[in-house]
Structures are given as structure tokens and as C-alpha cells.
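Residue numbers (our numbering), protein chains in the order written: chain A, 1 to 363; chain B, 364 to 726; chain C, 727 to 1089.
For glycine and all other residues, C-beta sits at the position ideal for the given N, C-alpha and C.
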């Protein structure tokens, strides 16, 4: 992972200055940078740390005076946060999983592995599974029967992909992620109290004790291209048709996607989000950390939920939501301002009651 | 998985019509059904999709006119959702785990495996563990020393069962589920700030910095019959006695059950629910997704919590709760209606203050 | 695990009474105790169970009259809850993992294992990893390349430690815990709607559809001494520098710690807590179960959050918080009292309006 300043700039489509033949082999915050590091000082306030570190080159904001900062070389990018994507991809030492098929892996003879696939120690690949070219199957991973993984997949240690799951190209899964657990779907012989509560908004009716029968998940999971799934996150199978995830969707850790859910393209699903069964989510939606979405709802394109929003009703396209139950963000802010002033309001009303009562007496 | 219409109807205790010798080998939504599928059109609105698909037979609602719908055969069920339980069990292709003991599994010679037990590749079974007849131990599963699994268990890939855990018949565990992690129990040498805050409702007193000592979990986990545990869910050991789960309890993914918790029979614990230590939950309780329950509480039989309810106090039997902090559902709905009207209330009170003040002046 | 009463008392620094040579081999609640158990009756109300059980010895509260309770021997401790730490450590039968290196483990020849390290079946240890003396690496664990684990680590089954993670002494990890998943960091080519919403508090501006580019995590995770990590919990790598956890921090199950987070010493992070990227948490902080903390915040020393608190702004040192959005606990209690009285307040204001309007007419 050693590159010249020139090579990095070319790769990022950024401008390079000074001794662009200088070689760097890592990136660091300015104050902690070693001689061989490219310091990251993409805002003027970060540049203050440069004298404390030993970097000879830095990535700077557009228009920065690199010579004034005492550097030998510099790269500037118009949108430095975006440049970090390319730079970090170049500099990532990765997990160092060995190429090739580890002899301890248990691979069914009918499984089809593409060119250049690597399979880590103690991984299991089931019958008729198909793994696309150049994929990396990490240690302790499990790929079920008839599962399909597109080209360029990268599965960290202990990822579990159930039978008949279909995933597109360039899938990334963090450790312990699960695709294709069975959906959570149970039914009582007679109408259950939950069904009655839903109909009556709170009245359970007679309370009979019933046991649950299991509805098996006959569907599977279909995932598009360029999807990433966080550590220990779970995407369940559909009941009849597949649970469906579009292209470019990114899930953080410990997210939960229920059976039959449909998610469009280019969504961000943050950590510990839960989406209940059969809910449909549009394109370019962002669900903040710990957001919960009830079952059978619809969330429109470009909707955004703030952290821990609990969505109990449909959300129209473009809406920004916050709170429990979810409200438009502006409403939430106004309402919660009021909430904090509530104790004073009670005092004001009590005073008014006294004044009016007194005025009534004096009339 | 091919059955005649006649066989399916007999198995479900449902009525069959038309050419009941017709063979189907799958189920599908009406519009997506192939010739060999049984279409699922269990409500009149779903039947509209039949002409778009190719199904010759369908499962319909009671009283449906199957001939009018252009079908060759049909099954009708009085409670179609319940019929789905039996039908989906018949039609489930499952994970296709191979029968028998995979040679790569590491099984302690003292472990006792019942008749017809299958053990997947790279599973580990500890000393003196006992596995009931007909159980399926999936790939990468771990069963600890002295653990007991009843007959007919079905463990998906990567399930972890700790030492001395006892589980009844027909246990199902989804990928990555954990039973028997240690409880989260720590104590400071002197009274901690948390203990003081609990006593004083908010006042920490003097802030001394203390480190935590670990209280080990000497108890284990005891689970009844017909329990299902979701992907990456966790049930912790008890401190002195066992954490206890009754019969027929179903847990969705990423649920967390703390040490010493007791749960009765036939409860539904939805995804991402957390139940803190030593709380007791009755029978037929439903905890909606992302519900949180504080420690040392009691939740009565047939109680229901809506999604994301945060239970900070005991809940009586039969109560339907919602919100944070949890309130009766009716109260919650009334209160939150008020909350949204709060900004107007402030304006009304301000207007009243003005009117009263003016009236006082004119008196 | 058999000890005399005398040995236990000496180990705990507690007082022993009666036949202190009596041997016990387990602990139990009073009513369930066998002859060989030490009954735990550390509060007077628990002693009532003693006659129902068969214990001959008990651990009692300071000043208890053990002879009156019909015991042959007793131990009393000034802070019995703290004594449980020592007692439970002595009595813990543990998981019974076998010592030594299991032949099925896959250990890179360049990995360095300290004295007395045990490695369970089917564990994987990567190149140049270093494991401290006396550590126990459980079955199915994964230790990545160049990872460092201090002395006395105890890793339950299926723990995953990524490449270049550094962990201090006496680390404990429950089943399925993950350290060193990649951070969740994505960027759009142009300014994204989320960035705009953050700036404008709710206005997304024009809605362009963009795909996300991945920012790789070049940092790793650094963890201090005496840290415990719960089942299926996740700590992500940092983007440039390491995510940092201090000494003595205890995490319960299913907790999520985002990239670049810094946590001080001796914190308790309860189950299902989520801390978003780049947030800094001081020393002796307690985050109650299901607490969520937004990104880029600061939480001061000795702060405490109640269950399910959602922290959307900085929290000063020593503050006790509750609610969503988080408020001071006293404020929260007052505000929510008001919330429940809100319907009555609306009625009161309506009555006032009527009275004032009537009074205005009669003027």
C-alpha cells in the first residue's frame, strides 16, 4: 500500500502540488502522522495539528496554501469527504485473508466457484451454491444450498447466507451477518388477541389462551448489487415471495429486516434499525440509528428518520421524521419545546382559573 | 414436495373442489403462479391476480366460487391464515442439511446423540451433552458440556448453546442465536451511583470513581417445549437459579433476555425486544418489536405492548400498552393527540391571559 | 468446586461462624438449597426460605443470628452483593473448555501463543496474532492477523476479533461478540440530503438521487484491561485512528459501538445500547439498556442514562438523563406527569375560554 502523491491524486481526480514523487504508505491525523504518512487535514482547523506530527505530505482543502503549512507535497480535493472514499479504498490493508481455497473448508462438490474465488478456513459452502468471480468467502462463513452470490463479494468471518438466497455483485457483509433466517410469522387457531387489539385499538375482548402455529417461510431473500450488511445484522426470508433489497443499500450493524420487506435503491439503514414484516421502503431513504418501522407500512422515496424514530404510520416521500410516535421534524421540535414548558403552562392556567373565578365573584 | 389437492385439503382439514387429483409442487401469489403452483388467494382482493398467473388451483376463502375464477381445483379454509401454517409446513423445502453426522463435526465421545440425529459440518458438541431423537444440529453449531436438547430440535447454522442449558422438545433456533451467555451483573465495592440514583430518583450524591467486580452466573437457562429463538438473539444464564422460558414461546431476531428472567407459556417476543434482569413475564404475553422492559418488573398474563413500548413499571394482566414511558394504549392515544395540539394550547392560553388581563383593567 | 466455610470466608474477607470446617460445593436460593449447598440469604426476607431447603450453612447479612436460623455454619458480609462477586467466582463451574490446543483449530504458524493458552475446536488464529499467557480461545473463535490479546483473555464460542485489533489483559467476550467490523461511513459525490437536513433542521432541499461511496476503515480498535463484551455485541473500527475503549468497561449483549467512538474507564454499557460514530464518553458513565447516543456528541464523567434514553445532545458530567429526547431525570418526571394530565388541561382551558367569553359578553 505505497503510492506516490502523484498516483493518489490521479486516482482521486484531485490536484497534486510540490514533490509529487514522494511516496506515502499510510494515512493519519495530522498530529499523529509519521514520516511515511499522508496527513489528513481536509479542513483548516485540522491543519493546526500538522506541526505536532511528522508528515511531509497532506491531503488539504481546496485552495489551501501547502507551502505555508511547511509541507513538501499536497493533494487538494473539492469535496474532501468524497475523496476519502477513494483514498481509503487505496490505503485499506484489509483483513489479509489468504487467497485460494483453505483445505479445512467444507465445500459441496456441486457448488460452483468462479475464477479467483478464495474460501477461508472452516467455511462451509452447500450444494449447488454459486459464487461469482473474485469473491472472498471469509473464515467460518456459511453459504447454503442453491444460494447465489454475484462477482466480487467480500464476506467477513462468520457470515451466514441461507439456502436459495440470491445476491448481486460486490456484496459486502460484516462479521456474523445473517441473510435468510426464517420469518417471524405465527398464527393462533382462533382469532388472536393481537388481531382484535389491532381492530379495536386496545380492547382485547375475551382472553383465551392459545398456542401459536408456525407459518414457514417459503420465500427467500433477493438482494441487488453493491449492498453492504453490518455485523450481526439479519434479513429474514419472505413467506411466499422473497424479501427484496435493491441496489446500493447499506445496512449498519445489528439491523433487523423482517419477512416480505421491500427496500428500494440507495438507502442507508443505520445501526439497530428494525423494519417489521411486509413494510415497503422507497429509494434514497435514510433510517437513523435505532429507528423502528411497524409492519405493513410504506415509506416514500427520500424520506429520512432521525435517530430512534418510531414509525407507526406511512411516511410520504421526502418527509423528515423524528420521535415516538414519528412526527415531521419541525412539528417534533415545536411539540417538544412545548413539552418542556408544560409545567409552566399548568401554573399559568391555574393562575387564570383563580383570576377568572375571582372576577366572576366580583361581578 | 409434490402433493395432490386432495392430500393438501385432507392434511389441513379443509374442503377440496374440482379436480382434486391435480398435483401441485409449490405455492405462489396469484399473479406470479406457475402451472405447477397452488395460488394463494385467501381474500377476494387477492383473487384479482389469478388471471395474470398460470395457476390451475388455488387456496381460496370460505364460500369462494372457484369455477367462476376459472380454476380447475380449489381448497377453501374457514381461517385461511391458520391453514397457511399447515400448508407452509408441507411445502417448506427447508435448508437441505444432509442427514447423518458430518465427518468434520467435533463431537465429544461422552456426548449422547438420540436416534436419527444429524450433525452438520464443523459443528461442536461438548462432553456429556444430550441431543434428543431426530434433532438437526446445523453447520457451525456449538453445544456446550452437559447441555440437554429435547427431541426434534432444529438448529440453523452457527447456533450457540452454553454448558448446562436445558431445552425441551421441538426447539427451533435461527442462525447465530445464543443461549447461555453469562448474565450482566457487576458490583462496586461501595454503594454505586446507580444504586443511589435508584433510591433518590436522580441524585447521585458524591461521585466516587469505582471499578466493577464481576458476579459470575452460576445458574443456567431452562427452556420448555416448542420454543423458537430468532437469529442472533440472546438468552443469558441466571445468577443463582436458571433463567426460565416456558412452553410455546417464540422469539424473533436480535431479542435480548437478561439473567434470571422468567417467561411463561405461549408468549410472542418480537424483534429487538430487551427484557432486563429478573423481570417476570406471564403467559400469552406479546411484546411488540423494540419493546424494552426494565429489570425486576412483573408483566401479567395476556399483556400486550405495541412497537417500541418502554416498560418502566409493572403491567397488570390483560393490559395493552404503548409509548415511552409505557401507558395504557387508550391513554397514550389521547395524550399524544393532545401533544400535537400543544402549540395551539399555548396560543389559546396566551390569548386568555391577554383577555383576562384586559378585562381586569377595564373593571 | 468444594470449599470449607472457613476457606470461603477467608477468600471474601468475611466473618465465619459455627462449624467452619463444613464443606459446601454449590450455592442456592434458601428454599431450593441441597445439603451440600451454601444458601444465599443475604437479606432478612430471604432467610424465610431456609426452613424449606436443606442447607446447613448460609451466607447472611451482617449481624444475622445464624443459630436462631437453625444453621450449622454461616458467613456474614458487610456488603453482601459485593461478596457475591468473590463467592460466584469461586463457585463458577465455567464452560469446561478443555485445556491445550485442539487439533482441529487452524492456527497460522506465525501466530504467537503465550504460556498456557488453550484454543478450542475449530478456532482460527491469523498470521502474527499474539495471544497473552493463560488465555482461553473458545470453540469457533476467530482472531485476525496482527491482533493482540492480553494475558488471561476468556473468549466464549464464536467470538470474532478483526485484524490489528489490540486488547488489554483479562478481556472477556461472550458468544458471538464482534470486535473490528468496518465502520459505517458512506459519502455521496455531491452534498447529500442528510447533510442538508442536519444544516437546516429538516429541509432536504432538492431531492437528487445519489449512490453511496464507501469510506474504508483504516483504523482499528484499541481496548484496555478488564473489559467485558456481551453476546453478539459489536465494536467497529475507526476511520483513521482507532476506536478506543478504556479499562474496566463492561458491555452487555447486542450493544453497538460505532467507528471512532472513545469510551473512558469503568463504564457500564447495558444491553442493546447504540453509540453512533465519533461520540466521546467519559469515565464511570452508565448507559441504561436500549440507550441511543447520536454521533459526534460528548457525555461527561459519571453521567447516567435510564433505560431507552435517546441522547441527541451533549450531556454534562454527573447528569442523570431519561427520555426521548433525553432530559434531566427530574425534568422528565415532571414533564411526563404533566403529559398524563394534558387531556384535563385541554378541558380546563376550554372551560376558561367559555367563562371569559361569557364574562366579556356580560360586560
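At least one C-beta of chain A is nearer than 8 Å to the C-beta of residue 696 of chain B. A residue is called buried when at least 16 other Cβ atoms come within 10 angstroms of its Cβ; residue 692 of chain B meets this threshold and is buried. One Cα belongs to residue 899 of chain C, the other to residue 869 of chain C, and the distance between them is close to 12 Å. Annotation: Cβ neighbours of residue 675 of chain B in chain C (cutoff 7 Å, chain order): 1033. Residues of the same chain with a CB within less than 6 Å of the CB of residue 778 of chain C, apart from the 5 flanking positions on each side, are 757 in chain order. Contact note: residue 336 of chain A reaches chain C through 1051, using a C-beta cutoff of 8 Å and chain order.
DSSP places residue 53 of chain A in the coil class of the three-state scheme, outside both helix and strand. Positions of the alpha helix (DSSP H) runs, each at least 4 residues long and wholly inside the region 500-574 of chain B, are given as 556-563 in order along the chain. In this model, residue 273 of chain A and residue 662 of chain B are separated by some 26 Å (Cα to Cα).
The three-state secondary structure of residue 690 of chain B, taken from DSSP, is strand.
In the displayed model, residue 264 of chain A falls within coil according to three-state DSSP, outside both helix and strand.
Chain order gives the chain A residues near residue 933 of chain C as 284, 301, 302, 317, 318, where near means a beta carbon separation below 9 Å. With a threshold of 8 Å between beta carbons, residue 656 of chain B makes no contact with chain A.
Proximity of chain C to residue 330 of chain A at the Cβ level (cut-off 7 Å) is accounted for by 928, in chain order. Under the Cβ criterion (8 Å, minimum of three pairs), the region 706-717 of chain B does not count as touching the region 673-682 of chain B.
Between the alpha carbons of residue 251 of chain A and residue 365 of chain B lies a gap of roughly 38 Å.
Residue 764 of chain C carries a strand assignment under DSSP once its states are collapsed to helix, strand and coil.
Contact with chain A is found for residue 705 of chain B, since one of that chain's Cβ atoms lies less than 8 Å from the residue's Cβ.
Under the DSSP assignment, residue 449 of chain B falls in the alpha helix (DSSP H) whose first and last residues are 443-454. Residue 761 of chain C and residue 324 of chain A have their C-alpha atoms spaced approximately 53 Å apart. Per DSSP, reduced to three states, the secondary structure at residue 954 of chain C is strand. Ranking C/845, C/856, C/983 by CA distance to the CA of residue 837 of chain C puts C/856 first. The region 594-601 of chain B makes contact with the region 611-628 of chain B: 3 or more CB pairs, one atom from each, lie closer than 8 Å. For the options A/147, A/120, A/151, the alpha carbon positioned closest to that of residue 114 of chain A is the one of A/151.
Contact of residue 348 of chain A with chain B is assigned, a C-beta pair being separated by under 8 Å.
Here residue 1074 of chain C carries a helix assignment [DSSP, helix/strand/coil]. Residues of the same chain with a CB within less than 7 Å of the CB of residue 763 of chain C, apart from the 5 flanking positions on each side, are 750, 752, 753, 754, 781 in chain order.
Under the DSSP definition of a beta bridge, residue 15 of chain A partners with A/76. For residue 193 of chain A, the chain B residues whose C-beta falls within less than 8 Å of its own C-beta are 647, 649, 665, 667, listed in chain order. Residue 22 of chain A is not a Cβ neighbour of residue 39 of chain A, given a cutoff of 8 Å.
Under the three-state reduction of DSSP output, residue 336 of chain A falls in the helix class. In the displayed model, residue 769 of chain C falls within coil according to three-state DSSP, outside both helix and strand. For the 8 Å CB-CB criterion, residue 501 of chain B and residue 460 of chain B form a contact. For residue 520 of chain B and residue 539 of chain B, the gap between their C-alpha atoms comes out near 7 Å. Inclusion of residue 972 of chain C and residue 996 of chain C in the CB contact set at 8 Å is not warranted, their separation being larger than that value.
In the DSSP assignment, residue 940 of chain C is bridged to C/912.
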